[in-house]
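What follows is a single structure, written as structure tokens, with notes after it.
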Amino acid sequence: MRNDKLILFVIVALLTVTIPVKNLVVANDKFTPTEDDINTWRYGALILPQSALAPGAPANASHLLKNVETWAEDTAKYLKPDVKIPIVLYLHSCGGNDHYRWSETLSEWGFGVIAPNSFARDGRRKHCGTMPGAKLFNMRMSELYYALSQIKKTDWIDQTRLILMGHSEGSFFPPAYSDEDFTAHIILAGNCRFSHLGPAPCCAPGHSKAPKHIAVLNIIGDGDEWNEWACHATHKLRGSRFVKLKNHGHDISNTHPKAVEIMAKFLETCCGKKKIKNSTEGLDPFVSAKKLFDELGGMATIDVQLRADEAASKGDLEGRDFWLAVLKEVEKMVE
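The C-terminal position of the sequence shown is numbered 334 in numbering that gives the first Met the number 0, with every residue numbered one higher than the one before it.
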């Protein structure tokens, strides 16, 4: 009987060693990036916050990432002296680098965005469901660690305000990340279904493995065709929220006013985002409506709606509400 148990133990041990899907990437000082990991960085995007730029410097500095040795020093030349920039490490979906969903808005809010490019670039095709789950998880987690290693050694980055953000396939990784390198995790169009993978397994699918003091935001559409449920509401501190957008599908971007509102409040609470100044403070909706109606007639409704949408896209909720009040007054005048 003892011999049978011993044989069974040996078989299990050998299987554990030889099955590759179990050898998931673990972050540590001995992590050695592959050439693919480095290329994912080289082909990535770097969007700088407008408030931190030196006069005449462009916000899009993606080309600087091509030189992995000098990119940080070269980027510093684009910045005002002595700035410290909070960084969002953005992990894109399976179709390629879709950082544009949020990078412009985040830049306006004072955050830099670094988005490694895993797919739809030289040497890599987009895959969307064609790659085995364990291989995909290992590959992209390794890319995450390499990006983080670059971020960690950069002086002008505010190391106390690092945010890990993923959309769709990219959302697999924030809930599976259990270390304390980030002050917040943002999970967009994802449901934490792979959070049981990776180092330090702790829980069933559907949970975030982030330490409880990490702020976690999950936004998902109630009509998401890829994910049928949201992440379990496991975190409560520092503005953490788990939100379903009503009558909304898969993609979560800055074109959705409610998503922008939720994102703005979350970053204000967890991560030092400055509150948007209300540009309409002190104005009277009726007076503004009459002025626009006298100038534009019935077309004023379109003008006012555009102003409300613009305010919402910037996270200026008070400005949005003001212009919606103006719109009601204009509609009365049109009648």
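A virtual CB, placed ideally from N, CA and C, is assigned to each residue, including glycine. In this text, all values refer to a predicted model and were calculated from it rather than measured experimentally.
Put simply, the backbone Cα of D221 is about 27 Å away from that of W108.
Residue pairing from DSSP places Y89 in a beta bridge opposite M164.
Taking a cut-off of 8 Å on C-beta distances, the segment 291 to 304 touches the segment 317 to 332, as three or more cross pairs fall below it. Excluding the 5 residues flanking it on each side, D223 has same chain C-beta neighbours closer than 7 Å at A188, G248, H249, in chain order. Between V67 and Y144, the alpha-carbon positions lie close to 14 Å from each other. Excluding sequence positions up to five before and after H184, its CB lies within less than 8 Å of the CB of I162, L163, M164, P173, P174, Y176, S207, A209, I213, A214, V215, L216, all in the same chain and listed in chain order.
Under DSSP, A114 takes part in a beta bridge, and its partners are A44. As the crow flies, the alpha-carbon of C270 is around 33 Å from that of D283. For F321, the CB contacts under 6 Å within the same chain, skipping 5 residues up- and downstream, are T279 in chain order. Around L52, the same chain offers A58, Y77, L78, K79 as residues with beta carbons nearer than 8 Å, after the five sequence neighbours per side are excluded. S106 is not a Cβ neighbour of T39, given a cutoff of 7 Å. If you draw a 10 Å sphere on the C-beta of E142, you find 16 or more other C-beta atoms in it, and that means buried.
Separation of the CB atoms of V112 and H98 is rounded to 6 Å, and the pair is thereby assigned contact status at 8 Å. Closest in alpha carbon position to A114, among I150, K83, K134, N137, is I150. The three-state secondary structure of R240, taken from DSSP, is strand. It is roughly 19 Å from the alpha-carbon of L45 to the alpha-carbon of K272. Within the DSSP secondary-structure output, L63 pairs in no beta bridge. Annotation: the continuous beta strand (DSSP E) that includes V215 extends over 214 to 220. For A307 and F285, the gap between their C-alpha atoms comes out near 15 Å. In the DSSP assignment, L52 falls outside any beta strand (DSSP E) and carries neither an H nor an E. Counting C-beta atoms within 10 angstroms of its own C-beta, P85 has 16 or more neighbours from the protein chains shown and is therefore classed as buried. For H166 and L135, the gap between their C-alpha atoms comes out near 15 Å.
Residue environment: E72 is assigned as exposed (fewer than 16 neighbouring CB atoms within 10 Å of its CB, all protein chains considered). Around the beta carbon of D81, fewer than 16 other beta carbons lie within 10 angstroms, which makes this residue exposed. L282: not part of any alpha helix (DSSP H); DSSP gives it neither H nor E.
In the DSSP assignment, H184 forms a beta bridge with L163, V215. Between F265 and G238, the CB-CB gap stays under 7 Å. Within the DSSP bridge table, the entry for L78 names L52 as partners.
Using a 10 angstroms sphere on the CB of H62, the tally of other CB atoms stays under 16, which defines it as exposed.
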